[in-house]
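There are 2 protein chains.
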Amino acid sequence: MFGRTLEYNTDPTSLDHYRRYSNRYLQWTTLLFMWFLLILALFEDPAVVPLPYWATTIMELICLGVIFFRLSQLYRFVPQRTMITDPKNIVIALTIIVTLIDMVVYIGIVESGVKGAIRVSRVLRPLFFINMNESKQVRRAFRNIRNTVPEILNVLVLFMFSIAVFTLLAFKLFQYRGLYYRDDVSQKYFVDYWDSFFDLYVLVTTANSPDVMMPAYDSSEWFALFFIAYIIINTYIFMNLFLAVIYNNYRAHLKTEIRAAVFWKRKKLEEAFELLADHFPDQNATVTEKTWFQVMKKLTNPPTYRKVNLFWEVLQAYGKEDKNEENIDETDKVNGIGKDQFLQVANLLNVNLVEDSSTVNIFYIYARDVYMSRPSRFIRTCVSHRFFVYFFDLMIIANAVCIGMDWESTEWFFLSIFILEILLKMFTLGPKEYFSFSRLWNWFDFLIIMSAFIATIVEASLDELNTFPREVLDFIMVLRCLRLVRIVGNVKRFQTILMTVLNIAPSLVTYGIVLLMIYYAFAIVAMECFGGLISGTGYENTNCGNPKLEGSEFIRVGYCNNNFNDILHSLVTLVELTVVNQWHIITLGYVLVTSKAARIFFIFFHLIVVILIMNIIVAFVLEAFILEYSLSRSHIEIRVEKVLEQLGLMAQTNMTSVDHDRTQLVIDQENDDNREYSGSHDARYRDGPRHTFRINKGHKNVEVLLQRMFEGELEVEAVSGSSSQPQTVTLDDVTGTSVTV
Amino acid sequence: MFGRTLEYNTDPTSLDHYRRYSNRYLQWTTLLFMWFLLILALFEDPAVVPLPYWATTIMELICLGVIFFRLSQLYRFVPQRTMITDPKNIVIALTIIVTLIDMVVYIGIVESGVKGAIRVSRVLRPLFFINMNESKQVRRAFRNIRNTVPEILNVLVLFMFSIAVFTLLAFKLFQYRGLYYRDDVSQKYFVDYWDSFFDLYVLVTTANSPDVMMPAYDSSEWFALFFIAYIIINTYIFMNLFLAVIYNNYRAHLKTEIRAAVFWKRKKLEEAFELLADHFPDQNATVTEKTWFQVMKKLTNPPTYRKVNLFWEVLQAYGKEDKNEENIDETDKVNGIGKDQFLQVANLLNVNLVEDSSTVNIFYIYARDVYMSRPSRFIRTCVSHRFFVYFFDLMIIANAVCIGMDWESTEWFFLSIFILEILLKMFTLGPKEYFSFSRLWNWFDFLIIMSAFIATIVEASLDELNTFPREVLDFIMVLRCLRLVRIVGNVKRFQTILMTVLNIAPSLVTYGIVLLMIYYAFAIVAMECFGGLISGTGYENTNCGNPKLEGSEFIRVGYCNNNFNDILHSLVTLVELTVVNQWHIITLGYVLVTSKAARIFFIFFHLIVVILIMNIIVAFVLEAFILEYSLSRSHIEIRVEKVLEQLGLMAQTNMTSVDHDRTQLVIDQENDDNREYSGSHDARYRDGPRHTFRINKGHKNVEVLLQRMFEGELEVEAVSGSSSQPQTVTLDDVTGTSVTV
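Chains as they are written, first to last, in this note's numbering: chain A, 14 to 754; chain B, 14 to 754.
In structure tokens form, the structure reads like this:
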């Protein structure tokens, strides 16, 4: 789990500590506490749910304690020099110390009765996520972002220079024309250089387009040319330049990192092989079957016996194939894994292999006569027919119309229709197959309909009692509308798009966390600077609790709720700032209640989040989408498939979609019929469930995807394998075990 | 110029007609008339500069006449079957016919005294650009866009479905809560399905974020989740999906096209070689030197004698090298171009080779004693020093401050300082070198300063006469501010960025034209639908000339000038719609004066221009930027450089930047000094200007750039060359000539 970033001693005691440290439940617990530390902001003043400060302080101390415990665990097996020079550990230790000091100061201030004290050090909390070994992928994403910064600074300076020159020009052109802004007639048009600069910076984000242009355009049509030139240069050219520079650098840095990772992995695998292999005098060294099974059992996350067996077969086949090419005697040493094959182990462990225990319909087992009866067969034929799908698509559309038209009475009808559909499908497929991992749409379907069913009953009973909570109704409504999404799963061409999106979704989670960390830090700062200055909701509010705002545009558009009074409101406001539109109005509000310096916070947020982070996300999404569209099986996946086919263990279909339902249904049906008529009982019905394997297209995590991205470009390394680091843990374990054995 | 799209007969008369047709002045004239046809919209009703309709009609007839003439020219050498089945010609002919009919109808209506008649067929004018042979690159860009459409339709349907489901949900959640929009209290929140749909479509473009959310957010904080989910799914995921799909498809289609072009070019070159080469019984066929020079002279755009000579040398060297590799006797046939070499001709002609006649300073020739005198040498040493550059950078900054502070009196000082700088540089470098093609910053500098100088004099004299036109002052102000841009040219790291932008700029022009064509069509439609309904300027206007608008948001923000009353206003409004922000307010205005159906026009415009075209431009820019950043010399360029080096004809530096100035200055200086002290006179001073060559980094056009983009990926073809089509004209001519000879 820690990859090459963790250096450790190899004596038995240290290895023991290492194994204890890398216990996965312990890691998860640590992560949980790290998250909990962040969530504490909900209860700390200014709080969403206020708790006394001693309660939150104790909880925070517990979280810090857990982090300190992990650090101390690390201390027991990492060389001391590495421990105290590693910037990560230093940052963690310093953050803990600063937090403790801040805590003491805060308690002192609160106890002395001063109001409005705030926990400043909370802004540092995301640092744990960036530096702890438990959140390696977040750290990597951060490092990549940090690496991109120096390169875009040049563009940033040029960009700012461009705005400055345009501002000077606008300032000189419009200053003496006696023009006024439309929305605030008291405000003269372009009379202050820095105000003008801010106006034009906002124009880059398009948030005040075309309003900022209108007074000049009204005064002379030709001034439109100035603004069009400005937008082309600054909004279109510079913004694309940012994207291009970030895209380029980000890729370059990633490639370097992944190349290093691949080399490191290869080195470690070679070391492991040397330790594990039996050396014979006149033959190449090989790992025997016995050692192989032993080693696999000792992994932190051991694969099932079936998988280990399969891997063995694949590596054997791999070796044979290579030898065939080289025309060496085949019978030589079939029962061992050579070095070349062994180097493929990490890749092999990364293949997203799913064990399908092809299920026997329990109705067939426990109620065979009924299941095989004529009416049952008729039902199953119907369910397998494509008109079954069409009919329910039609029902969904009818349902949508009824929802739109508020025909509440039809709801029970549709609910029972959809429940019937689920029951029929379940009967035909058997519950186990119905809920199999590859039929995610069924899960979705089942969850939505059942929740709606339960919620509707609850609502009906509450209705009787004359208590009528809106929330239940809203919840039911969401469920009803989500039901409509099902129709997408029934159209083949939409499935492809949807699957592409779903496949890259897990990889995007890392970036989601990065974004959240940055939001968190900004939210804490914003609460410290702007908390409590603006309050109330927008309706009929003339000053949002602050007389300085009276008559401003901020009040007119009713933005009182876009405040930084607690962590949730802050996050919503920051999301609005990320979407960019109207950010200058939000800024205006905080400028009015503080000073023009508040603009720095908002411009800084825009530069960091919108220009830097969002562009990196766009670059990543672009690359990942294109890869997913044109996804081909990797080298090692093809080999695994070949072996699966040879062994007849391949699942009938690789689709992870609803479409699967239909084909599978038909196949089941046919098999069933054949069996019945021929009177023979297929092995799968006699010998219990047969296990097959299926390679999932989805990626386990962002790194596997990234490595796939650069697979083609890392030519030399591609041969020696291009798998990901997370699995190299297991190889650390491999080396570890073999030393102690 | 026409590439492989033009099929023609090869009999002598046809070839003669072909040569006449492809006369480049004729082509430029045609293009001029095509542009003029578009510009006519300025004078046609509703006009910016009204002309009587008979005048514009006559001008239009002339333009149509020119286009018809070109079509008839084509008819003389293109096989008749090709002529009448080619969709391009059919479209052109039909467009002419429709235009003529429309013209007659229009005259009829106007003569019968009916007001408000409009020339409907003007919307077809961009079709000439898409279909005429003269604007091949625009046509290609259009074809690529068209090819991308089918693929994004799936995403579009899914996207619309997503909005529809979200709308249904929002509709049900907010319908009965008694909420109102903030800006228009009379308008209830989400009570009409299609209005809600439009609101949420606008939210995808972020134009009404967060306003559309505020009423719900004020009513319950948790509704923010709905809008955040909506924005993540529709704005972030779907919009990026559009970009990704377009990026992917656009690249795929381009690659297919360029592969085809490369193959076609190879075929034609082989044909040409067969015709031109002298065949010997026991040797491979070769093209002799004499034929080579004859052929080169007959190109439509013949290179200079020096270039032809250089090409000959390069191809010779090319041949030798290949033979060396194959270990064949070298002395064999040095004096001929073999087939493999000949296939490189098109690539060779595409190398952006600039002839540098390294100039002798005229001061040196005509006033040698002065030029070589001690004060002169001192001045030249100063100018070459880097503090000279620093000093003037400082002056520019001081100038910026003075402009900002309105210190008008300093202007004459700065103007003379900058004129002095120009004169000093010109003296040191000599005027010819100063204005050499590689020193574009000097041109820029000279133009800006001289214009400012002249304008300031004009202003001063007008000032005396007490007439004081604002326009002159504005013009001077623009020039003064542009002067500041010079500073960018003096910083090395900014130069790189700027050069990258400038290098891809010519390629972007094609897309600019495509965008303009689409704007034109939309502008004509908008003038027909909305012309004259909204008028006046925003200041103190309460209804923009239309009582239906009274009290609306459109009036409040003062958008009266965002109208479609003439072609220029229409274009500005369309640019505003492209920038997206506030497009829903503009839409609102036109909905109020017509009906809700007006939304279709604006949504359609958004889909076509913002989602389709802008994404294609972003994709292209991204690809081009990344290529330019990591630009390496192509295969053939390296060979040309090698030959240039061997012949000692390489210019001293390849930089096309200002930095060039400094190094060049220093070199000149040193050469000069050395020469003087050693007493020897360098050949360049004795024998007059020595011609050197330089390979420019910039690309001639979008196609060369595109081919470079895919060079790596078109593996097989890359060997046989990867040059562009435009030059293949010359090869058509080659075949042509050789037949008639």
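Glycine included, each C-beta is placed from N, C-alpha and C at the ideal position.
Proximal residues of chain A, C-beta to C-beta of residue i below 7 Å
i: R506 (chain B); result: N167
i: N594 (chain B); result: T219, A220, S222, N594
i: L182 (chain B); result: M490, V491, C494
i: V133 (chain B); result: The contacting residues do not exist; V133 (chain B) stays about 26 Å from chain A at best.
Residue i versus the options, residue with shortest Cα-Cα distance
i: D619 (chain A); options: A:G602, A:I639, A:L587; result: For the sequence presented, residue 619 (chain A) should be read as His rather than Asp. Of A:G602, A:I639, A:L587, the residue nearest in Cα terms is A:L587.
i: F547 (chain B); options: B:Y384, B:I568, B:Y524, B:C573; result: It is Ile, not Phe, that sits at residue 547 (chain B) in the sequence shown. Among B:Y384, B:I568, B:Y524, B:C573, the Cα nearest to that of I547 (chain B) belongs to B:C573.
i: C788 (chain A); options: A:C542, A:E541, A:M96, A:F577; result: The displayed coordinates of chain A run from 14 to 754. Any statement about residue 788 (chain A) would go beyond what the structure contains.
i: F255 (chain B); options: A:V656, A:V634, A:E654, A:F306; result: A:V634
i: T469 (chain B); options: B:E270, B:F488, B:F459; result: B:F488
i: L267 (chain A); options: A:R159, A:Y189, A:T441; result: A:R159
i: N144 (chain A); options: A:P223, A:A274, A:D99; result: A:D99
i: E57 (chain B); options: B:V133, B:T43, B:Q357, B:T95; result: B:V133
i: E484 (chain B); options: A:A273, A:S233, A:L361, A:F401; result: A:S233
i: Y119 (chain B); options: B:I80, B:Y66, B:V170; result: B:Y66
Pairwise C-alpha distance: residue j and residue i
i: H30 (chain A); j: F46 (chain A); result: 21 Å
i: F251 (chain B); j: V593 (chain A); result: 17 Å
i: L581 (chain B); j: I114 (chain B); result: 26 Å
i: T219 (chain A); j: L213 (chain A); result: 9 Å
i: V215 (chain A); j: E434 (chain A); result: 54 Å
i: N628 (chain A); j: N262 (chain A); result: 12 Å
i: V217 (chain B); j: L181 (chain B); result: 16 Å
i: A298 (chain B); j: R279 (chain B); result: 17 Å
i: F355 (chain A); j: S148 (chain A); result: 29 Å
i: M173 (chain A); j: M512 (chain B); result: 18 Å
i: Y698 (chain A); j: D208 (chain B); result: Confidence is the limiting factor: at Y698 (chain A) the pLDDT is only 38, short of 50, which leaves the residue's position unreliable, though a coordinate-based value still follows. Distance between the alpha carbons of Y698 (chain A) and D208 (chain B): 57 Å.
i: P388 (chain B); j: I410 (chain B); result: 29 Å
Contact set between residue i and chain B, taken where Cβ atoms lie within less than 8 Å
i: M173 (chain A); result: Going along chain B, no residue has its Cβ under 8 Å from M173 (chain A), so there is no contact; the nearest lies around 12 Å.
i: E566 (chain A); result: Per Cβ cutoff of 8 Å: no residues; E566 (chain A) is ~11 Å from chain B at best.
i: L497 (chain A); result: V178, L181
Residue i burial status per 10 Å Cβ neighbour count (16 or more: buried)
i: F617 (chain A); result: exposed
i: Y630 (chain B); result: According to the sequence displayed, residue 630 (chain B) carries Ile and not Tyr. I630 (chain B) should be labelled buried.
i: E446 (chain A); result: buried
i: V162 (chain A); result: exposed
i: C395 (chain A); result: exposed
i: D13 (chain B); result: With chain B running from 14 to 754 in the structure shown, residue 13 (chain B) is simply not present.
Residues sharing a beta bridge with residue i, DSSP
i: D300 (chain B); result: Asp is not the amino acid found at residue 300 (chain B); the sequence shown has Val there. DSSP lists B:I350 as partners of V300 (chain B).
i: E368 (chain B); result: B:F706
i: D291 (chain A); result: A:T299
i: Y193 (chain B); result: B:K201
Partners in chain A for residue i, counting only beta-carbon separations shorter than 9 Å
i: L254 (chain B); result: I510, T513, V514, V634, F638
i: A413 (chain B); result: A177, V178, L181
i: L581 (chain B); result: E234, A237
i: Y260 (chain B); result: L635, F638, I639
Per-residue contacts from residue i into chain A (C-beta, under 8 Å)
i: Y206 (chain B); result: G417
Any C-beta of chain D under 9 Å from that of residue i
i: N578 (chain B); result: Absence of chain D from the displayed structure is noted, the protein chains being A and B.
Within chain B, partners of residue i - CB distance below 9 Å
i: G571 (chain A); result: R195, D196, D224, M227, P228, D231
Per-residue contacts from residue i into chain B (C-beta, under 7 Å)
i: I250 (chain A); result: V514
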